Structures are given as structure tokens and as C-alpha cells.
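Asks:
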Amino acid sequence: SKTISKCYVQVTGMTCASCVANIERNLRREDGIHSILVALMAGKAEVRYNPAVIHPAAIAELIRELGFGATVMENCGEGDGILELVVRGMTCASCVHKIESTLMKTNGVLYCSVALATNKAHIKYDPEIVGPRDVIQVIKDLGFTTSLVKKDRSASHLDHKQEIRQWKRSFVVSLVFCIPVMGLMIYMMVMDSQLSDAHTHHNMSTEKMKALHSSMVLEYQLLPGLSVMNLLSFLFCVPVQVFGGWHFYIQASRALRHNTANMDVLVVLATSIAFLYSFIILLVAMAERAKVNPVTFFDTPPMLFVFISLGRWLEHVAKGKTSEALARLISLQATEATIVTLGPDNVLLSEEQVDVELVQRGDIVKVVPGGKFPVDGRVIEGHSMVDESLITGEAMPVTKKPGSTVIAGSINQNGSLLISATHVGADTTLSQIVKLVEEAQTSKAPIQQFADKLSGYFVPFIVAVSVVTLFAWIIIGFVDFEIVEKYFLGYNKSISAAEVIIRFAFQASITVLCIACPCSLGLA
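Numbered continuously in this note's numbering, the sequence shown closes out at residue 557.
1) Taking Thr544 as the reference, which of Leu302, Asp174 and Leu365 has the closest Cα?
2) For Lys138, name the three-state secondary structure that DSSP assigns.
3) Measuring CA to CA, which of Gly100, Val105 and Arg536 is closest to Pro327?
4) What's the C-alpha gap between Asp297 and Lys468?
5) How about Ser286 and Val214: are their beta carbons less than 8 Å apart?
6) Look at the alpha carbon of Val339 and the alpha carbon of His280, and state the distance between them as a whole number of angstroms.
7) How would you call Tyr490, buried or exposed, if buried means at least 16 neighbouring beta carbons within 10 angstroms?
8) Using the three-state DSSP reduction, which class does Ile535 fall into: helix, strand or coil?
9) Going by other Cβ atoms of all chains shown within 10 Å of its Cβ, with 16 needed for buried, is Ala370 buried or exposed?
10) For the alpha helix (DSSP H) that Gln284 lies in, which residues bound it at each end?
11) Which term fits Tyr520, buried or exposed, when burial requires 16 or more other beta carbons within 10 angstroms of its beta carbon?
12) For Leu546, which residues does DSSP report across the bridge?
13) Mind reading off the beta-carbon distance from Thr438 to Arg411? Whole number of angstroms is fine, and I expect it under 8 Å.
14) Please report the distance separating the alpha-carbon of Trp346 from that of Gln366.
15) Ends of the alpha helix (DSSP H) at Ala323?
16) Whole angstroms is fine: what's the gap from Lys77's alpha carbon to Val42's?
17) In this structure, does DSSP put Val168 in helix, strand or coil?
18) Once DSSP output is grouped into helix, strand and coil, what is the label at Thr462?
19) Rounded to whole angstroms, what's the CA-CA distance from Asn16 to Gly46? Just pull it up for me.
20) In chain order, what residues of the same chain lie with their CB nearer than 8 Å to the CB of Val168, ignoring the 5 residues before and after it?
21) By how many angstroms is the C-alpha of Val501 removed from the C-alpha of Leu546?
As C-alpha cells, this is what we get:
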């Protein structure tokens with residue numbers, strides 16, 4: 034008796050069904066090749082061959098000669114079928130043992146484990162020899178009821194609606210409060226420049242006088258040390274810090290718990306420090322009844338949150354679009370199949386409705402007019418037109434006659450067909466497309482991986498730099514106070530030198546943090 038071995042070949046360069054047919058037709062003619070099955074989307078050929086006559090490397094070479102790329106896949110375990118079942122009626126460990134031992138004796142079952150507590154069975158089998166229906170039958174014969182673990186077909190894990198809502202809300206809140214702060218800030222800048230102009234040229238026009246007057250309103254101190262400008266900025270900043278930054282805080286705390294530093298950590302650090310520093314400086318100024326209004330950074334957090342939450346929102350909208358397409362694809366899969374038993378001369382003996390997961394390779398499936406093809410297969414009997422637009426985009430129906438291949442999810446139009454299943458479960462074209470799209474969504478672009486790696490180093494580096502800045506300025510200040518005095522504007526003689534130095538040093542180090550944050554925005 035000649036032994037039959039099985040190997041998998043990864044095939045690249047196939048573009049359509051005719052490539053598949055070409056490879057299958059040419060390889061079937063070769064000596065020692067028993068059968069060949071090519072899956073277009075997976076780019077995989079499953080070849081059963083006689084090892085005495087031909088070996089896998091030679092098979093790959095034959096495919097290469099047809100003009101495709103081919104490499105033999107080492108891990109052949111990918112051909113194993115996996116079955117998850119719910120088993121009811123087990124009472125004790127001996128039931129578990131009975132099921133496991135009986136299944137392991139069954140030809141084609143490679144591995145089996147049954148959990149009494151969860152009533153679940155996990156079975157690996159060789160789809161060439163045995164199929165899910167056979168396994169279920171074996172368990173039923175032992176006197177237990179069993180059913181498939183219901184898979185969630187809705188693809189809810191691909192739903193980005195909640196994230197989209199959350200980031201949109203965060204963006205809108207930040208924006209609403211950011212605009213007034215920005216307006217105030219720009220207004221003050223313009224006024225300051227006019228002020229300095231006015232000081233250099235002693236002739237002031239009446240417009241300028243009016244303008245200056247209005248800027249004086251903002252600088253006006255409600256309480257000693259608390260100007261209108263700073264109060265307004267503070268009031269606008271609080272809601273942004275709380276509502277706009279809520280998700281950043283949550284994610285940053287998670288990251289820190291796992292000892293990693295990501296983008297969120299930097300955003301939170303910069304905004305919190307800018308906010309707290311500004312707040313404390315205000316309190317100090319009020320306590321001191323300072324004549325000169327302190328320089329605050331209340332404008333930083335709202336602006337940062339606006340830009341970053343906008344980015345996140347757009348990102349999730351884009352992801353949501355692909356996911357929507359995926360969910361639609363998944364919904365195209367048929368849920369049931371009609372399996373028929375044929376007698377001699379293709380006479381219908383019986384037919385039964387089964388769950389699509391239970392269709393085995395080699396089953397004969399009947400597809401009625403208007404029905405969906407549950408699995409990929411080959412037509413055995415019947416003529417019909419089939420709408421394959423979901424895969425090919427081809428609007429015109431395609432003629433199918435015995436020997437033609439059909440694709441799961443496409444719609445049978447006018448004639449009844451009997452097909453023999455070639456690819457079932459996760460191997461169908463549709464499942465492969467879904468898998469590819471899912472992988473494309475979850476895998477990162479190389480540049481993105483690089484950016485993530487960088488931001489891992491970037492955050493601690495920036496924090497270190499700002500700490501260095503802080504101490505450097507404190508040291509410089511105590512060594513040579515003149516320098517600080519030169520750069521620290523609004524220095525009045527009423528506060529001690531040490532305090533000026535420390536305040537200036539803090540200002541410098543926070544500036545470093547706040548400036549570095551948008552540059553991480555560049556990274557993002």
C-alpha cells in the first residue's frame with residue numbers, strides 16, 4: 034500500500050481564481066501527487082503526495098516553474114481543526130474520563146480535553162480523517178447532549194462607537210474652553226507689543242490709548258495679586274483639566290502601574306504641572322499681595338488637550354470605518370447549510386440542516402436558488418448563475434457548471450446546485466479576508482512601532498531634562514544672581530532673592546516640559 038503524506042506550500046503571486054485553477058490543473062498531472070487544494074486568500078496550497086515518488090521541495094519547485102513564488106511551510110499543524118463544544122449531562126470525573134478516552138481512541142482525533150466545571154470540551158482533529166459532526170456523534174453515542182459553543186458573529190470587539198463618542202466629547206469640551214483662553218492670550222500679546230511701541234514712541238494715538246485701556250481691564254487686580262486675565266484663564270482651565278483630560282489620566286495611571294511611560298503620561302505630566310504651578314503661583318501672589326501679575330501657564334493644558342483629543346478622535350473614526358466594513362463582511366457569512374447524502378448515480382437519499390461550523394471537508398452541500406453558499410467548494414451537479422460581487426466586485430452573475438469553484442458568501446441565483454466542500458470554517462475565502470483585515474488593524478506600521486519605542490525613552494528623558502533645568506537654574510541663581518535678575522521680568526524688590534531664584538527655576542523647567550509635549554504630538 035502506498036503511503037500518502039501531506040504538506041503545505043505557501044504560494045505568493047496568485048491574483049485570481051484562474052491562477053488557482055492553473056496550479057491545481059498542472060500539479061494534478063505530476064507523478065506522485067495524489068491531490069492538491071489551493072486557497073487563494075490564504076496563499077496556501079495543501080498537497081497530498083506519495084513520499085516515495087516526490088518530496089515537498091520538488092512540489093514547491095513545480096509551482097515556481099508556473100511563475101509563482103512557493104516555499105514549503107514547516108509547521109504543518111495549521112491543518113488541524115479545532116472544535117469547542119458544550120457538553121451537557123456530565124456528573125462526575127468518570128464522565129469526563131469516559132468522553133476523553135473514547136475520543137482519543139477515535140481515528141483522527143489528535144487532542145481532547147473536557148472541563149467538568151465549565152461543561153466545555155476542546156478537541157483538535159485532523160480534518161482529512163474526521164470532522165466535527167463525527168466527533169459530536171461519538172459524544173452523543175455515549176449518552177451526553179452536546180452543541181457548538183456559539184461564536185459571536187456580530188464582531189462587537191471591532192466596535193469603536195464608544196471611543197469615538199468619548200474622544201469627541203473630550204475634544205468638544207476642550208475646544209469650547211480653549212477658544213476664550215486662546216483669544217485672551219493673543220489679545221494680551223498684541224497689547225503688550227503695542228505697549229512697548231508706546232513706550233519707545235512717546236506720541237500715542239487715541240486708538241492706542243483706548244486699546245491700552247482695555248488691556249488694563251484684563252490686568253486689573255480684583256484682589257491683590259489676582260488679575261481678571263488670570264482668574265478667567267483659571268476658570269476656563271479647570272473644566273478642561275477635569276473633563277477633557279479624564280481619559281488621559283486613566284490611561285496614564287494604567288501605564289505607570291505597569292512601569293511604562295507612554296504619550297499619555299507626558300501629556301498628563303505637562304498639563305498637571307503647568308496647571309498646578311500656575312495655580313500655586315497665583316495663590317502665592319495673592320498671599321504676597323503682589324503688585325505685578327505673575328506669569329501663568331493656564332493656556333497650555335486646554336491647547337494640548339484640544340490637539341491630542343482631536344487626533345485620537347480622528348484615529349478612532351478611521352478605525353471605525355474599517356471595522357464597519359469588516360462587520361458587514363462577517364454578516365455575509367451563511368449561518369446554516371443543507372448537507373445531503375447521495376446514493377449511487379447522485380440520487381438524493383437524505384438531507385439535513387446543520388450549523389455552518391459543522392460542515393466538513395468533502396461534504397455534499399445543496400444550495401437552493403437565492404441561497405448563500407455556506408462554504409467554498411466545487412460544483413458536482415447542476416447549472417446556475419452566481420452573484421460573486423462580494424468578493425470580485427463583478428456585477429454580472431457568473432455561470433457555474435459541474436467542476437466550477439464557488440465562494441462562500443456568494444449568492445446562488447436561478448438553479449439548484451450540489452457542491453462538494455473544499456474549504457470550511459476558518460479556511461473559506463471570506464474568513465480569510467476577515468482575518469486579513471483584522472490583522473491589518475491590529476498590527477502596527479513599522480514607523481509606529483519605532484515611535485512607540487521612542488516615546489518610551491522620550492518621556493523619562495524629558496522629565497530628566499526639566500529636573501536638570503530646575504537645579505541648574507537654582508545653582509546659577511545662588512552663584513550669580515545678576516543673570517536671573519536680568520531674565521526674570523517683573524522682579525520687584527519686595528520678595529527675597531532666594532524666592533525669585535526658585536520661582537524662575539520652576540518657570541524654566543515647566544517651560545521645558547510644556548514645550549516638549551507638543552513635540553511628542555509630532556511623534557503621535
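Backbone N, C-alpha and C define an ideal beta-carbon position, used for all residues, glycine too.
Quantities reported herein were computed from a predicted structural model and do not represent experimental measurements.
Replies: Taking the geometry as given:
1) Leu302
2) helix
3) Arg536
4) 30 Å
5) no
6) 13 Å
7) exposed
8) helix
9) buried
10) Trp279 to Arg290
11) exposed
12) Leu546 pairs with nothing; no bridge assigned.
13) 6 Å
14) 31 Å
15) Per DSSP, Ala323 belongs to no alpha helix (DSSP H) and is neither H nor E.
16) 6 Å
17) helix
18) helix
19) No answer is possible for residue 16: the residues shown for the chain start at 34 and end at 557.
20) Leu116, Leu118, Leu136, Thr139, Val142, Ile156 and Tyr158
21) 12 Å
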